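Read in the UniProt record's numbering, the sequence shown has 60 at position 60, and its numbers run on one by one without any break.
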Amino acid sequence: MLYDVPAAAEKFNKKYGDLYEFYMGSIRVVVVSKPDLAEKIWASSSLKNTKFVMRNGYSEGIVELGLGTKGMVLNRDIDVWNVNRKFMNVISSPPFLRESINLTSKMVDQMFEYWKVIEKKGMQIEVSQWIDALGAEIVSTTATGKGITAMTELFNELNIENNKSKVQGAWQNGVKFTKAIHLYNESMSFMMLFPTKFRRNVPLIKDVNKKYLDNRDWIYQEMDRIVSERQKEIENTPLDQPLEANILTLLLTTNTERDFDKISVSKFDRPLTNDEVISILREVFTGGLDTTSNSLSYLLFYLAKHRDVYLKMRQEVLDLYYNQSCNNTRETKDEIYFAQPEEKL
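Next comes the structure, spelled out in structure tokens:
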């Protein structure tokens, strides 16, 4: 279970149903895996009356990772959680979604150009690797405004003669950072499972513990560098000149003279500290990297598995875009019937 929590959860669900419990070391964990049950406990409308606002018990290991009173998912400080939740709502607003769709469209076009070269060489395309790289590019650019070279590096690893891509990403350590985030996600179950003294003193285990904590420190240092660089760029930009819409810019300009989205949370009326910006941005990466690539992979698999659905969606896209020069925007996406949420169908 330590190395594959989702697989273990699926196994337990099949055996014990939608509501069950187990122990991680000395910690009792109750799992709710049925949506309507979870809604009764954690829906926004239920938070005022529920006894289960906290989704996890206190864990010294989680505090060591910097998540006990920061971010969203494992945050036990309700006031901080409430502020962060407001930011997440703003990030999901139309301007950010529109920009995200524009960026995604450009990156998909870039990926297809690479695929054309690979196809001409008669080589096999490892879709899962490309989707993982695409997801990393989308999350990185949307979060920080800085692109990385995940797809470029993946293409160059194929060693196709006379076809080395010379495109360079703006984030020098971007690919290394995304790998570090994957390791950070992996470290959460380890830090929750093993007691602190056990992690720090038992041979071999303490080496794993050190690896995870060193990774935590490197992530923080890298994000602090990115935040500081963007802060200087904003300070050197004239007030009458618009700033690009990305999550980092939003966080750094909140409650400043450059604020373009007022965040109203109780008496919260000050700019965020660098540490607060880093904690929210880290949550975007930890929650976004795996989610984005996994969702894209699942959608591709589903369309490939169900040809009737693929044909219907393909025809609808052709009907919408045929003989049109319209761009792939949030508004045009909303016109596609098969792209609507289930409750709208």
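All residues carry an ideal CB built from backbone N, CA and C; glycine is no exception.
These numbers were taken from a predicted model, which means no experiment stands behind them.
Which residue comes first and which comes last in the beta strand (DSSP E) that contains Val30?
-> Position 30 of the sequence shown, counted from the first residue, corresponds to residue 30. Its beta strand (DSSP E) spans residues Ile27 to Val32.
For Phe112, which three-state DSSP category applies?
-> The residue labelled residue 112 in the question sits at position 112 within the sequence shown. Helix.
In whole angstroms, what is the alpha-carbon distance linking Val90 and Ala245?
-> Within the sequence shown, the letter at position 90 stands for residue 90. Within the sequence shown, the letter at position 245 stands for residue 245. Each residue's alpha carbon lies about 12 Å from the other.
Contact between the region 127-147 and the region 226-238: three or more CB pairs below 8 Å?
-> yes
Give the straight-line distance between the Cα atoms of Met151 and Gly135, rounded to the nearest whole angstrom.
-> Taking the first residue of the sequence shown as 1, we reach residue 151 at position 151. Taking the first residue of the sequence shown as 1, we reach residue 135 at position 135. So the two alpha carbons sit approximately 10 Å from each other.
With contact counted as at least three CB pairs below 8 Å, one residue from each stretch, are the region 111-125 and the region 72-88 in contact?
-> no
Compare the beta carbon distance of Leu252 and Gln231 with 8 Å and say whether it is the shorter of the two.
-> What you label residue 252 is simply residue 252 of the sequence shown in a count that begins at 1. What you label residue 231 is simply residue 231 of the sequence shown in a count that begins at 1. Cβ atoms of Leu252 and Gln231: closer than 8 Å.
If you run the structure through DSSP and keep just helix, strand and coil, what is Leu103?
-> Stepping through the sequence shown from its first residue, residue 103 is reached at position 103. It is helical.
Where Phe194 sits in the DSSP three-state scheme = Locating residue 194 in the sequence shown gives position 194, counting from the first residue. Phe194 falls in the coil class under three-state DSSP.
How many Å lie between Pro6 and Ala304 at the Cα?
-> One-based indexing of the sequence shown puts residue 6 at position 6. One-based indexing of the sequence shown puts residue 304 at position 304. C-alpha separation (whole angstroms): 23 Å.
Limits of the unbroken alpha helix (DSSP H) element including Ile148 = What you label residue 148 is simply residue 148 of the sequence shown in a count that begins at 1. Here Ile148 belongs to no alpha helix (DSSP H), and DSSP marks it neither H nor E.
Asp36 classed as buried or exposed, judged by whether at least 16 other C-beta atoms fall within 10 angstroms | Taking the first residue of the sequence shown as position 1, residue 36 is located at position 36. Exposed: under 16 other Cβ atoms inside 10 Å.
With a cut-off of 8 Å on the beta carbons, I'd call Ile148 and Trp171 a contact; round off their distance for me.
-> Counted from its first residue, the sequence shown places residue 148 at position 148. Counted from its first residue, the sequence shown places residue 171 at position 171. Confirmed, Cβ separation roughly 5 Å.
Residue range of the alpha helix (DSSP H) that includes Asp269 = Sequence index remark: in the sequence shown, residue 269 carries index 269 (1-based). Per DSSP, Asp269 belongs to no alpha helix (DSSP H) and is neither H nor E.
Residues near Trp115 in its chain [Cβ-Cβ closer than 7 Å; skip 5 each side] | Taking the first residue of the sequence shown as 1, we reach residue 115 at position 115. Closer than 7 Å at the Cβ level, and outside the excluded window around Trp115, lie Ile125.
Pull up the distance between the alpha-carbon of Gly71 and that of Glu10, whole angstroms please.
-> Stepping through the sequence shown from its first residue, residue 71 is reached at position 71. Stepping through the sequence shown from its first residue, residue 10 is reached at position 10. Near 26 Å, if we compare the C-alpha coordinates of Glu10 and Gly71.
Under the three-state DSSP convention, the category Leu239 falls into = If you number the sequence shown from 1, residue 239 lands on position 239. DSSP places Leu239 in coil when its eight states are reduced to three.
By Cβ distance, which residues of its chain are closer than 8 Å to Ile62, with the 5 residues on each side in sequence left out?
-> Stepping through the sequence shown from its first residue, residue 62 is reached at position 62. Within the same chain, Ile62 has close Cβ partners Asn56, Gly68, Leu74, Met188, Met191 and Met192.
Buried or exposed: which applies to Ser100, given that a residue is buried once 16 or more other Cβ atoms fall within 10 Å of its Cβ?
-> The residue you call residue 100 lines up with position 100 of the sequence shown. When all chains shown are included, Ser100 counts as buried.
Kindly list the residues whose CB is nearer than 7 Å to the CB of Ile205, restricted to its own chain and excluding five residues on each side of it in sequence; keep chain order.
-> What you label residue 205 is simply residue 205 of the sequence shown in a count that begins at 1. Hits under 7 Å: Phe194, Phe198 and Arg199.
Give the range of the alpha helix (DSSP H) segment to which Asn75 is assigned.
-> Along the sequence shown, read from residue 1 onward, the residue named residue 75 stands at position 75. Unbroken run through Asn75: none, as it is neither H nor E.
Determine the DSSP secondary structure at Glu21, reduced to helix, strand or coil.
-> What you label residue 21 is simply residue 21 of the sequence shown in a count that begins at 1. Strand.
Under 7 Å Cβ to Cβ from Val30, same chain only, skipping five residues before and after it: list those, please.
-> Reading the sequence shown from its first residue, position 30 is the one you call residue 30. Result list for Val30: Glu21, in chain order.
Going by C-alpha distance, which of Tyr298, Arg307, Leu281 and Val317 is nearest Val139?
-> Numbered from 1 along the sequence shown, position 139 holds the residue referred to as residue 139. That would be Leu281, whose Cα lies nearest to the Cα of Val139.
Between the beta-carbon of Pro271 and the beta-carbon of Asn294, is there less than 8 Å?
-> Position 271 of the sequence shown, counted from the first residue, corresponds to residue 271. Position 294 of the sequence shown, counted from the first residue, corresponds to residue 294. Cβ distance not < 8 Å, so Pro271 and Asn294 don't count as in contact.
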